[in-house]
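If you count the sequence shown from 1, position 5 lands on 163 in this note's numbering, and the numbers rise without skipping.
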Amino acid sequence: MRTSELAERVGVNAETLRYYERRGLLAPPPRTPGGYRDFPATAVELLRFIKRAQELGFTLDEVEELLHLDAGGPEACDAARELAQARCADLEARITDLQRMHASLSDLIATCERPTADRDCALLAAIATPRPTPTNP
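Here it is in structure tokens:
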């Protein structure tokens, strides 16, 4: 199957396929006599695996590791679980950061309801004001 057909089937663009090939996530396919890439049907499932792993937050480096683990046994399952646990911990940290940013931004938005002096924006002034740097005990 040609690059354009594969890309359409899995919902990526052709450049993404070439990038995955350069990274080693996708094996270089044989070429047609005209020089076109001729991907096997198994490439569809491989690319769906890659996309699903990315949807779950795995980086391409982690996806590569998961692909290697996919052929393994019980040890591979343990390693995959460790990768997933690390990804969950990272997501929890990001969620905490996003909640903090949301709370701060909500507080700043509330300043917009206050009267402005000389048409200065209280929100912009609050952003421009440096916050005290926390000291480490």
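The C-beta atom is built at its ideal place from N, Cα and C for all residues, glycine as well.
I'd like to know whether the C-beta atoms of residue i and residue j end up nearer to each other than 7 Å.
i    : j    : result
L281 : L266 : yes
R160 : Y194 : yes
P186 : D196 : no
Name the residue from the options whose alpha carbon lies nearest to the alpha carbon of residue i.
i    : options                   : result
V221 : V202, R181, P232 and E250 : R181
A201 : Q212, E163 and G231       : E163
Which residues in the same chain have their Cβ closer than 6 Å to the Cβ of residue i, if we skip the five residues on either side of it in sequence?
i    : result
L175 : T161 and A165
L241 : E220
Please go through the same chain and pick out, in chain order, the residues whose beta-carbon is closer than 8 Å to the beta-carbon of residue i, but skip the five residues on each side of it.
i    : result
D278 : none
K209 : V168, G169 and V170
P198 : M159 and P187
Once the 5 residues before and after residue i are set aside, which same chain residues still bring their CB inside 7 Å of it?
i    : result
L227 : A234, A237 and A238
Specify, as a first and last residue, the run of the alpha helix (DSSP H) that residue i falls within.
i    : result
T291 : No alpha helix (DSSP H) contains T291, which DSSP labels as neither H nor E.
D236 : P232 to T269
Three or more C-beta pairs below 8 Å linking the stretch 243-257 and the stretch 206-223: yes
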